[in-house]
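The block underneath contains the structure these notes are about, expressed in structure tokens.
There are 4 protein chains.
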Amino acid sequence: MTESRPTLGVGMVGYAFMGRVHSQAWRNVASVFDLPVRPAMAALSGRSPGATAEAADKLGWAAVETDWKRLVERDDVQIVDICTPGDSHAEIAIAALAAGKHVLCEKPLANTVAEAEAMAAAAKEAAARGVRSMVAFNYRRVPAVALARRFVEEGRLGEIRHVRAQYLQDWIVDPEFPLVWRLQKDKAGSGALGDIGAHIIDTAQFIVGRSLTGVSALTETFIKERPLAEGSSGLAAEGGAGEMGEVTVDDAALFIGRFDGGALASFEATRFATGRKNALRIEVNGSLGSLSFDFEAMNELWFHDHTIDSAEQGFRRILVTEPDHPYAGAWWPPGHGLGYEHTFVHEAKDFLEAIAAGTDPAPSFEDGLRVQRVLAAVEQSAAEGSRFTTVEDS
Amino acid sequence: MTESRPTLGVGMVGYAFMGRVHSQAWRNVASVFDLPVRPAMAALSGRSPGATAEAADKLGWAAVETDWKRLVERDDVQIVDICTPGDSHAEIAIAALAAGKHVLCEKPLANTVAEAEAMAAAAKEAAARGVRSMVAFNYRRVPAVALARRFVEEGRLGEIRHVRAQYLQDWIVDPEFPLVWRLQKDKAGSGALGDIGAHIIDTAQFIVGRSLTGVSALTETFIKERPLAEGSSGLAAEGGAGEMGEVTVDDAALFIGRFDGGALASFEATRFATGRKNALRIEVNGSLGSLSFDFEAMNELWFHDHTIDSAEQGFRRILVTEPDHPYAGAWWPPGHGLGYEHTFVHEAKDFLEAIAAGTDPAPSFEDGLRVQRVLAAVEQSAAEGSRFTTVEDS
Amino acid sequence: MTESRPTLGVGMVGYAFMGRVHSQAWRNVASVFDLPVRPAMAALSGRSPGATAEAADKLGWAAVETDWKRLVERDDVQIVDICTPGDSHAEIAIAALAAGKHVLCEKPLANTVAEAEAMAAAAKEAAARGVRSMVAFNYRRVPAVALARRFVEEGRLGEIRHVRAQYLQDWIVDPEFPLVWRLQKDKAGSGALGDIGAHIIDTAQFIVGRSLTGVSALTETFIKERPLAEGSSGLAAEGGAGEMGEVTVDDAALFIGRFDGGALASFEATRFATGRKNALRIEVNGSLGSLSFDFEAMNELWFHDHTIDSAEQGFRRILVTEPDHPYAGAWWPPGHGLGYEHTFVHEAKDFLEAIAAGTDPAPSFEDGLRVQRVLAAVEQSAAEGSRFTTVEDS
Amino acid sequence: MTESRPTLGVGMVGYAFMGRVHSQAWRNVASVFDLPVRPAMAALSGRSPGATAEAADKLGWAAVETDWKRLVERDDVQIVDICTPGDSHAEIAIAALAAGKHVLCEKPLANTVAEAEAMAAAAKEAAARGVRSMVAFNYRRVPAVALARRFVEEGRLGEIRHVRAQYLQDWIVDPEFPLVWRLQKDKAGSGALGDIGAHIIDTAQFIVGRSLTGVSALTETFIKERPLAEGSSGLAAEGGAGEMGEVTVDDAALFIGRFDGGALASFEATRFATGRKNALRIEVNGSLGSLSFDFEAMNELWFHDHTIDSAEQGFRRILVTEPDHPYAGAWWPPGHGLGYEHTFVHEAKDFLEAIAAGTDPAPSFEDGLRVQRVLAAVEQSAAEGSRFTTVEDS
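Protein chains in written order, with full-length UniProt numbering: chain A, 1 to 394; chain B, 1 to 394; chain C, 1 to 394; chain D, 1 to 394.
Here is the structure:
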């Protein structure tokens with residue numbers, strides 16, 4: 001078989017949860033979408049040679065590196081895909097951009113505003129050289145979320161009054177759940193706030209096309225200590241049997257706030273909402289209509305049109321699987337829903353198309369920095385008696 | 001027909017929306033429940049003789065008064081039911097209690113903490129004389145809400161972590177909607193906050209059996225001016241054609257906060273949630289389970305039991321119409337749902353039973369005062385840059 | 001108080017479940033709707049003097065009769081409301097009509113086609129004398145069902161292709177549930193078929209404005225014998241402890257069929273759908289749109305408009321509580337839902353208005369006969385190997 | 001990279017909708033599941049050389065054949081995957097089995113009972129030689145459906161009383177939709193009946209572990225003639241502009257029936273349910289519990305447990321994404337749902353594992369034949385006045 005279209009080699013750093021999902025995306029994107037350029041799964045980087053080779057074999061990567069710096073240097077790598085915890089994002093991304101590699105970086109962009117600023121600056125400088133970068137806020141690429149954005153953009157909601165967003169999970173409700181890296185500030189930056197709160201901040205700002213300008217916040221760590229993981233479990237804190245370690249991040253973060261343009265915000269991110277597994281929920285109320293979304297039913301967008309005859313108004317369950325819905329036409333017939341990983345396929349598609357077109361993809365590192373600044377304002381407000389705290393200008 | 005059971009005469013003040021619903025309750029309660037004492041719809045009080053007579057005729061009241069003071073004095077009135085706007089609650093309730101009449105008072109208990117304190121003091125004093133009082137937070141008497149309370153009381157939810165409550169309406173989204181009394185601070189005390197925010201505060205505190213101890217809040221008035229109503233429309237501000245008046249209350253109020261016992265709170269009350277008609281929603285997450293309720297589907301309680309086999313966990317849609325559900329057994333067979341007004345029938349039942357039993361019904365004026373103090377803390381926080389504000393001890 | 005409007009005395013026969021609900025309707029209808037004529041709850045008839053007096057006292061009836069024939073003769077009774085089992089409908093209704101009394105008769109109209117024919121003939125003859133009659137298919141008066149009818153009438157669904165209707169209950173799943181009158185053919189005529197199947201037949205025919213022309217059916221009795229009730233339990237078959245009696249009616253009835261106009265029908269009535277309490281569900285698919293309804297969420301009508309832009313199509317959850325929805329405007333504000341009994345209030349309203357206007361109310365006894373003929377065709381088809389059986393012309 | 005595990009070469013016939021989905025499965029299965037044997041996408045067969053090469057390039061097939069007979073003969077092909085219309089299934093499958101190739105065949109197994117019988121016989125003979133075959137009823141592999149089967153198998157539903165199944169689509173509601181191959185009896189065998197009716201028959205029989213023993217049916221073709229497709233559109237009937245052709249299959253098929261074991265069945269398959277896109281719905285009621293599923297919300301299984309305290313009963317929305325749910329553990333964390341194509345990945349996994357284990361996978365060709373016999377009984381009943389028709393013994 002001859003492939004007429006050009007390919008771009010991808011090098012991925014990290015092969016845990018995010019690495020698995022990104023692999024799925026690179027493996028499938030060219031079979032679903034008609035792309036101007038196709039990805040080649042060139043190399044996977046991880047610290048443990050054996051585990052990395054095993055992952056590469058299973059996930060479909062052609063080669064293995066045990067040092068991300070070598071990965072970045074490879075000639076067959078034109079795209080660096082960063083799937084590591086947040087503490088390493090800045091170093092890898094800045095190095096890759098400096099080496100002229102396009103960079104796709106998992107969220108949150110970084111663990112601190114300072115790192116995120118450095119990354120955004122590097123991205124800006126790289127863009128001038130035609131090197132592209134994108135932060136992986138994948139939920140923008142849920143077809144229902146993209147459709148929500150379209151409705152707002154078309155003015156279907158009128159003036160936005162309310163944005164209420166929740167990201168509810170329950171995977172650490174059990175106090176015996178161990179002290180994994182996501183519960184350690186030095187690795188993860190923050191807890192529910194940065195992990196899932198970042199997602200609803202970005203997704204909400206994307207949908208309404210507005211930025212949060214100030215917040216008043218509360219955070220809480222319900223379980224102060226957790227068991228250390230026994231033995232060598234990679235990123236989890238290790239310890240002997242029965243040893244406990246301090247949880248150094250938030251279990252839950254809540255804030256209210258304001259968007260430019262006048263809308264009110266009510267946000268909540270928690271890993272203690274028993275029974276809610278991945279409930280990323282956003283509701284937007286405008287003067288002409290409303291939207292509601294819950295990722296646990298990700299193929300549905302609920303839309304209320306306030307301009308039609310009141311006797312027939314009601315929230316519509318739009319099954320976002322029609323050919324004229326964002327991304328959906330490339331997949332299966334109407335009603336044949338998509339799953340979580342498809343958002344990453346869409347991300348890969350948009351990133352590759354932007355590279356081919358020579359344009360800057362979104363969300364940019366600048367967008368990632370903007371989210372980081374909201375996270376910082378939330379933490380500052382929570383630390384200062386919940387006082388209303390302005391989000392620093394980007 | 002001979003009626004063997006004693007009756008208590010009811011005198012009601014006000015016959016607008018609340019008066020109509022309360023009438024429905026008094027008219028039906030004895031036909032649904034087996035009561036130790038039955039109500040007699042003795043007299044209705046209103047300022048306009050004609051309109052009051054017409055209302056009494058339609059709603060089933062035996063007599064009419066045009067001065068509530070006369071109503072309170074009537075010998076055939078043992079219960080005074082106050083259905084007027086909040087600015088008159090304190091005066092009427094205190095007078096009625098002083099006259100030895102049991103008092104059922106619409107919510108919010110009053111427009112200010114000072115008034116509410118005076119009322120609570122009067123109620124306490126009256127209780128010592130065997131005179132009962134209750135504030136009409138009717139949503140406690142939705143069978144699903146009462147069942148939610150039962151589950152929490154039985155420990156089914158474990159330690160409560162999160163309470164998120166919203167009361168969403170949309171009836172003033174249109175800027176042409178006139179300046180009715182509910183939009184005027186001197187009549188209504190506050191806007192969405194006191195009208196519907198008060199409901200979710202009471203209902204949430206009732207369900208979890210805990211009190212809000214502090215809040216951080218934002219309020220907003222989206223539409224600053226509205227048309228004055230033309231001509232004599234009773235409680236609406238009057239004016240000539242085209243004249244505008246200032247909206248002096250909030251359109252929306254949001255707060256985050258803490259409950260005693262450690263739960264986090266996220267609350268929102270708004271009249272600008274387009275498409276949401278009467279969405280009083282409460283979700284509670286505990287260490288052992290969760291509950292979710294939306295008044296727009298008032299016969300359903302959603303319950304997640306986190307203690308059973310994880311493969312069969314899920315939020316259950318409990319249709320709260322079984323004989324062993326609160327209040328439901330007196331009505332129709334399973335699946336034959338109830339409506340809004342039934343909550344008032346249950347209220348009347350519980351009030352009458354408490355009077356007959358010589359016990360103090362709940363929610364008491366003290367409970368109403370507690371809600372008032374939360375409302376005051378919300379307003380204070382909103383006025384002071386959202387800083388965390390402690391709810392004054394009751 | 002003077003009542004300027006005329007009243008009509010109501011005499012009701014039977015005070016079990018249906019009698020309680022009808023009482024609720026007569027007690028409230030004039031307080032909710034502005035009626036040209038008001039009902040007076042004149043007399044209640046039942047066989048047991050004590051129990052009837054107790055029921056009358058509780059439900060609000062002014063007098064008591066122990067023989068329905070006396071009730072029919074009373075001068076203060078202008079309306080006879082028949083709430084007895086089906087085996088007595090014909091005799092009472094025909095006598096009442098002969099006595100010049102307007103008749104409201106519970107469904108199914110009768111236990112046999114022959115009885116129903118006699119009743120329809122009597123009603124026709126009485127109508128010529130200005131005496132009105134109506135069969136109490138209350139589900140037509142659910143606001144959501146009436147709105148569904150309006151949508152079909154306005155052509156919003158285009159050509160009707162499919163009607164699928166289910167009435168699912170589960171109250172006799174337990175084999176220890178006793179042999180009540182509803183499980184005895186001589187009292188009830190049939191089982192699920194006549195009790196709840198009759199409802200979906202009428203409701204579906206009402207919504208689509210078409211009649212079932214032929215059916216192919218299956219019926220089944222899962223539990224062949226049940227315990228006799230001990231002692232004197234009124235209408236239940238009595239017996240000693242441990243005695244069993246034969247169930248002589250169907251537990252479930254299913255049929256497929258055709259409507260005039262070309263739509264296909266799929267119907268199912270059962271009392272063995274574990275977990276379904278009162279799930280009267282109807283879905284209608286037309287060339288231009290679809291409707292879906294489930295009585296367990298009775299304030300909602302789901303409507304799909306197939307004529308709008310496909311990217312924003314979806315079933316809308318219309319909360320049928322708006323002022324411009326059928327019946328809803330007389331009750332509470334939007335979002336303050338109604339319950340089961342309200343359908344009977346609407347029935348009473350429409351019946352009283354028709355009497356006052358001198359018009360024939362619907363559904364007529366002729367409509368009831370039409371349903372009876374469908375029931376008969378179902379039974380005949382089931383008895384003859386499910387062969388397609390034409391519904392006899394009315 | 002060295003691959004330590006053995007591979008099996010796959011040759012696929014057809015690359016339209018089913019071919020695209022099957023390709024997705026072969027491409028991903030080994031990256032998601034730990035398999036004893038991995039598939040190699042060896043060759044794709046299609047009639048048009050150019051289009052087939054293009055499809056192979058996009059979908060990831062290593063080679064191309066334009067004659068399926070050559071594909072079957074290839075040494076690098078050990079598995080033949082048949083994704084063509086039903087009229088060619090028998091010939092290809094029988095040839096492939098004869099050549100010692102394992103066969104995965106799309107459903108319905110064949111267009112006639114005779115063909116299906118020949119295929120089942122060939123499969124039986126091949127199985128004796130260690131050659132495996134499976135019919136691709138993919139919906140068995142929805143995790144929620146597999147969980148439903150588990151619940152029934154564990155006795156959680158008790159005695160099954162009712163199975164109601166619907167498969168509702170709307171893609172040919174428009175009379176201008178052209179006469180594609182699925183609307184032609186010679187290509188497709190039947191219409192909605194064989195295409196989607198076959199799915200609910202298999203899925204329902206799989207869940208309850210019982211077989212349909214007899215049916216009473218109706219079928220209908222609402223639109224008798226449709227436009228011929230212009231020009232060469234592969235499988236669509238061709239014709240000049242404006243030419244019409246006869247629709248020779250059913251648009252909708254309904255039947256009621258009985259399962260061995262005593263349950264009643266109510267089934268409906270239609271392409272005219274406006275607004276329903278891919279609503280494969282199954283509800284099962286048993287003496288101890290009930291299950292409900294709708295593919296439009298494919299990650300949810302609703303389960304009612306009738307054995308627990310009645311005050312807390314209710315249908316649970318089980319999000320079937322937990323590690324202890326069928327197939328789900330290999331994918332993403334809880335709440336990160338799957339999509340349509342994943343059912344095919346699971347199918348590929350089970351097929352490969354069965355081959356490796358030397359066992360016969362399910363559903364077998366015999367299972368496919370059983371479905372075919374139900375389809376035949378439905379058609380016969382519909383042709384003979386809906387009389388109850390016994391399903392021929394397999």
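Beta carbons are placed, not taken as given, at the ideal position from N, Cα and C, and that holds for glycine.
* Asked: What residues are listed by DSSP as bridge partners for T52 (chain B)?
  -> Its beta-bridge partners do not exist; DSSP assigns none.
* Could you tell me whether any Cβ in chain A is nearer than 9 angstroms to the Cβ of H199 (chain B)? => So, not an interface residue.
* Kindly say whether W302 (chain B), judged by its beta-carbon, lies nearer than 9 angstroms to any beta-carbon of chain C. => no
* Closest by CA to D251 (chain D), which one among D:G9, D:F151, D:L168? -> If we check each option's Cα against that of D251 (chain D), D:L168 comes out closest.
* With DSSP run on the structure shown, which of helix, strand or coil describes V284 (chain C)? -> strand
* Touching or not, the region 153-163 of chain A and the region 280-287 of chain A, by the rule of three or more beta carbon pairs under 8 angstroms? -> Yes, since at least three Cβ pairs between the region 153-163 of chain A and the region 280-287 of chain A fall closer than 8 angstroms, the two stretches touch.
* Skipping 5 residues on each side, what residues in its chain have a beta carbon closer than 8 angstroms to that of I94 (chain C)? -> A118, M119, A122
* Of all Cβ atoms in chain B, is any one closer than 9 angstroms to the Cβ of T270 (chain C)? -> Between T270 (chain C) and chain B, the shortest Cβ-Cβ separation is not below 9 angstroms.
* Where are the beta strand (DSSP E) runs, 3 residues long or more, that stay fully inside the region 125-160 of chain A, in chain order? -> 133-135
* To do: Identify every run of the beta strand (DSSP E) within the region 312-384 of chain A, keeping only runs that are complete inside it and at least 3 residues long; order them along the chain.
  => 315-319
* To do: Could you please give me the residues that DSSP links to H304 (chain B) through a beta bridge?
  => Residue pairing by DSSP places H304 (chain B) opposite B:S290 in a beta bridge.
* Report back the beta-carbon spacing between Q372 (chain A) and V180 (chain A) to the nearest angstrom; my notes put them in contact at under 8 angstroms. => Between V180 (chain A) and Q372 (chain A) the Cβ distance is about 22 angstroms, and since that is not below 8 angstroms, they are no contact.
* Check whether the Cβ of H162 (chain D) lies closer than 9 angstroms to any Cβ atom in chain C. => Taking Cβ atoms only, chain C reaches closer than 9 angstroms to H162 (chain D), which makes this a yes.
* To do: May I ask which residues mark the beginning and end of the beta strand (DSSP E) holding A265 (chain A)?
  => 264-270
* To do: Flag E220 (chain D) as yes if its beta-carbon sits less than 9 angstroms from any beta-carbon of chain C, otherwise no.
  => Interface residue, yes.
* Contacting residues, own chain, Cβ-Cβ under 7 angstroms from E322 (chain A) (five flanking each side not counted) -> Excluding its 5 nearest sequence neighbours in each direction, E322 (chain A) has C-beta neighbours in its own chain below 7 angstroms: A328, P334, listed in chain order.
* Closer than 9 angstroms, CB to CB, is G234 (chain A) near chain D or not? -> Low local confidence applies: a pLDDT of 48 at G234 (chain A) is under 50, so the model's placement there is unreliable, with the coordinate-based value given in what follows. For G234 (chain A), the answer is no, since every Cβ of chain D falls outside 9 angstroms of its Cβ.
* By a C-beta neighbour count over all protein chains shown, 10 Å radius and 16 as the cutoff for buried, is E115 (chain C) buried or exposed? -> buried
* Residues that L338 (chain B) contacts on chain C, provided the C-beta gap is smaller than 8 angstroms -> G339, Y340
* Asked: Does DSSP put Q78 (chain C) in a helix, in a strand, or in coil?
  -> coil
* Asked: Any C-beta of chain C sitting closer than 9 angstroms to the C-beta of N299 (chain D)?
  -> no
* Closer than 9 angstroms to chain C by CB, G209 (chain D) -> no
* Asked: Residues of chain A with a CB under 9 angstroms from the CB of residue 425 (chain D): which are they?
  -> Because chain D spans 1 through 394 in this model, residue 425 (chain D) falls outside it and cannot be assessed.
* To do: Return the chain-ordered list of same chain residues with a C-beta closer than 8 angstroms to the C-beta of L218 (chain A), the five sequence neighbours on each side being excluded.
  => For L218 (chain A), where only same-chain residues beyond five positions count, the Cβ hits under 8 angstroms are A253, L254, F255, A382, S386.
* Any idea which residues DSSP pairs A256 (chain B) with across the strands? -> Per the sequence shown, the amino acid found at residue 256 (chain B) is Ile instead of Ala. Its beta-bridge partners are B:S216, B:S266.
* Asked: Can you name the start and end residues of the alpha helix (DSSP H) that residue 395 (chain A) belongs to?
  -> Residue 395 (chain A) lies beyond the residue range present for chain A, which begins at 1 and ends at 394; the question has no answer from this structure.
* To do: Within the same chain, show all residues whose beta-carbon is closer than 7 angstroms to that of V247 (chain A), passing over the 5 residues directly before and after it, in chain order.
  => L179, L183, T221, I223, K224, E225, R226
* Asked: Would a C-beta distance cut-off of 9 angstroms place T203 (chain A) and I318 (chain A) closer than the cut-off?
  -> no
* Give the range of the beta strand (DSSP E) segment to which G19 (chain D) is assigned. => Counting along the chain, G19 (chain D) sits inside no beta strand (DSSP E); it lies in the alpha helix (DSSP H) bounded by residues 17-32.
* Asked: Hey, does V249 (chain C) have any beta-carbon neighbour from chain B nearer than 9 angstroms?
  -> no
* What's the gap between the Cα of Y15 (chain D) and the Cα of G257 (chain D)? -> 36 angstroms
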